[in-house]
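**Q** My questions all concern the structure below.
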Amino acid sequence: MDFYKTYAKAFYKKLSERKLKDYFHHMQRYREKGMLVESMELEMEIIRTVALEKEIQLER
450 MDFYKTYAKA FYKKLSERKL KDYFHHMQRY REKGMLVESM ELEMEIIRTV
500 ALEKEIQLER
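My numbering numbers the first residue of the sequence shown as 450 and each following residue consecutively.
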């Protein structure tokens, strides 16, 4: 799982602010519909971490 976290974090760091927000809000819609799986929760957490490092505000 550590490899996945490292890989995902590197992937999200390369994205633009707009794309990072798009990924995050897409996953939020899945959560609202009750369709969010455990791996997506992990990805949301990684996106939040990257956003903090880049000083990006994710919430609308």
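Ideal placement from N, C-alpha and C gives every residue a C-beta, glycine not left out.
As the structure is a computational prediction, the values presented were derived from the model and not from experiment.
Helix, strand or coil for E490? Go by DSSP, reduced to three states.
**A** E490: helix per DSSP, three-state reduction.
**Q** Can you tell me which of the three DSSP states M484 falls into?
**A** Coil, per DSSP.
**Q** Just the C-alpha distance for E504 and F473, rounded to the nearest angstrom, thanks.
**A** So the alpha carbons of these two residues sit roughly 15 Å apart.
**Q** Could you check whether Y461 and V486 sit closer than 7 Å to each other, using their CB atoms as the reference points?
**A** In this structure, Y461 does not lie closer than 7 Å to V486 by Cβ.
**Q** Assuming contact is defined by CB atoms lying nearer than 7 Å, are M489 and M476 in contact in what I supplied?
**A** It is a contact, given that the beta carbons lie within the stated cut-off.
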